[in-house]
Structure formats: structure tokens, C-alpha cells
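Read the structure below first, then the notes.
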Amino acid sequence: MRSLFFYSIFLPLTLAMILVGFFIALVGGANPLHNWARLWGRIGLALAGVRLRIKGLENIPADRPVIFMANHQSNFDILALLAGIPGQFRWLAKAELFRIPLFGLVMRQAGYIPVERGDRRESLESMKMVASRITAGASVIIFPEGTRTEDGSLRPFKKGGFLVALQSGVEIVPVAISGSFTIMPKGGKKIRGGRIEVTFFAPVPTAGKSVRQLRELMAQIRQPIAATLGDGEA
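Counted the way the numbering used here counts, the sequence shown spans residues 8 to 241.
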């Protein structure tokens, strides 16, 4: 019943909010549109019976953009991060979403960044867009695993986002998301109510680091996330 209730309300609501968001973007631009998306995230969690707990907000710098790097357990991670992160940020999202009529257009208007998985050239272009968003003063969220976990465990991290961080010199804020896999795992349709906990850790500097320190940086970001999730690799 929970799933039926959620889909019967959330899907029409999403369409309505996309239509309104299109006009918000025309009048106000990307920042008001992102705030509108944050409201969508909070409503989505409430409809699904999901409680959100946020820890470590004091670790998010208020005066400069950062790169958030989070593990990816479920589609509900999107709603949780929208509802939980204060201020402006931009997403990296799979390119297929940008091909959905109107929805993809609104995502582009919000300044979100498409990623063509498996295409190295397109991935490089996406990373250039990440750098431009950071230069413009907006934080960016990257899921370094590249996709959702299939079994709840933390997947290996990909290098692309870390290379951008090194090139731009901005700090990385590790983010651990727990609980969302239980609510709706990858490939699942049934929604279980519960709690999602999002934990932000202290920013990790990248300025002055070289590509030779890439593996060290990746391990430094992975460690607190893995420890929070109880992953054996921590």
C-alpha cells in the first residue's frame, strides 16, 4: 500500500513541479529552480514515509564551493541530498535522464551536468562542466562509485571526480548515506518506510596535491564513508 500511495501521488506531483520549474527557470534562473527541486525532495521523502537524519552540517563550508562525494545506495539518495544539503549545488547525473522530454530540459536549466557512462570523451567534457560550475561558485555532487550499489556494499571509486578536484584545487567533503538501500534497492519498485542518515565529514584539501597522490586522496575520502557503512575495506 505504501508503494501504491507513493507512486499515485509522487509521479503526478513530479510532472506538475517540472512544469512549474520550467517557468521558474525562465524567470529566475538556476538558483531558484534548484530551491524548487529541494522542496520536491522533501515532499518525496514525506510521501514515502522516510525520516531524514542529517549529521555533520558544520563540516560544510558556507563561504566557498566544494565537491561532495557520496556513496550511492538508492534513487532515494537524490531526495535525501536535495532535502539535506543547504545552499546551492549541482548534480552529475546519467545522460539518459537529460533525454526525457521537458524533465531533461529543466535539469539543464538548473545547471545539472550529464554524464555519458562508458564514453571517455564525453566524460571528460562532463568534468570540464564540473570545473566551470565550481568556478561559478556552486558546489557539485559526485557519486564516485559511478552507479548505485547492487547489494548494499560500497563499490570501487572511479578516478574522474578526483582528477577534477585536483585540477580545481577545491576541497572534497566525504558524505556517507545509509538506510536508503533498505528503503528501495537498485532494480526494486517496492518502497519501505524507514530512516535515511546522511553524514558529512570534514573537508579534505586538494590544493597543492598532484596526480601522484591520487590513490592516497581516494583512500582518504573512502575511509570515513566505508567506516560509517561498516564496510570491511575501511
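Glycine included, each C-beta is placed from N, C-alpha and C at the ideal position.
Keep in mind that this is a model prediction, so the values were computed, not measured.
- Message: Just to confirm, is the Cβ distance from V113 to L86 under 9 Å?
- Response: No, the pair does not count as a contact, with Cβ atoms beyond the cut-off.
- Query: Leaving out the 5 sequence neighbours to the left and right, which residues in its chain are closer than 7 Å to S185 when beta-carbon positions are compared?
  - Reply: Taking C-beta separations shorter than 7 Å and ignoring five residues to either side along the sequence, the partners of S185 in its chain run E204, T235 and L236, following chain order.
- Task: Please say whether V180 and I74 have beta carbons closer to each other than 9 Å?
- Result: Contact: yes.
- Message: Shorter than 8 Å, the distance from the beta carbon of V34 to the closest heavy atom of the ligand PLP, or not?
- Response: As far as ligands go, the structure on display features none, and thus does not contain the ligand PLP.
- Message: Measuring straight from C-alpha to C-alpha, what distance separates S133 and G167?
- Response: Straight-line Cα distance between these residues: approximately 10 Å.
- Item | Start and end residues, alpha helix (DSSP H) containing T21 | Run containing T21: R9 to G35, per the alpha helix (DSSP H) assignment.
- Item | Beta-carbon gap between F169 and I67 smaller than 9 Å | No, the Cβ-Cβ distance between F169 and I67 is not below 9 Å.
- Query: G195: buried (16+ other C-beta within 10 angstroms of its C-beta) or exposed?
  - Reply: Exposed: under 16 other Cβ atoms inside 10 Å.
- Compute the Euclidean distance between the alpha carbons of A172 and G94, then round it to the nearest angstrom. The straight-line gap from Cα to Cα measures roughly 20 Å.
- Do F83 and I190 have their C-beta atoms closer together than 9 Å? Their beta carbons are under 9 Å apart, which means F83 touches I190 by this criterion.
- Message: Here's the rule: buried if 16 or more other CB atoms are within 10 angstroms of the residue's CB, otherwise exposed. What is I16?
- Response: The residue in question, I16, is exposed, as its Cβ has fewer than 16 Cβ neighbours within 10 Å.
- Under 8 Å by Cβ, that's how I've got L52 and A100 pegged, so tell me the actual separation to the nearest angstrom. Separation of the CB atoms of L52 and A100 is rounded to 19 Å, and the pair is thereby denied contact status at 8 Å.
- Query: By how many angstroms is the C-alpha of R202 removed from the C-alpha of P210?
  - Reply: Straight through space, the alpha carbons of R202 and P210 are spaced by roughly 25 Å.
- Message: Quick check: I31 and L22, are their CB atoms within less than 9 Å of each other?
- Response: No. Outside cutoff.
- Item | Which of helix, strand or coil DSSP assigns to I92 | Correct three-state label for I92: coil.
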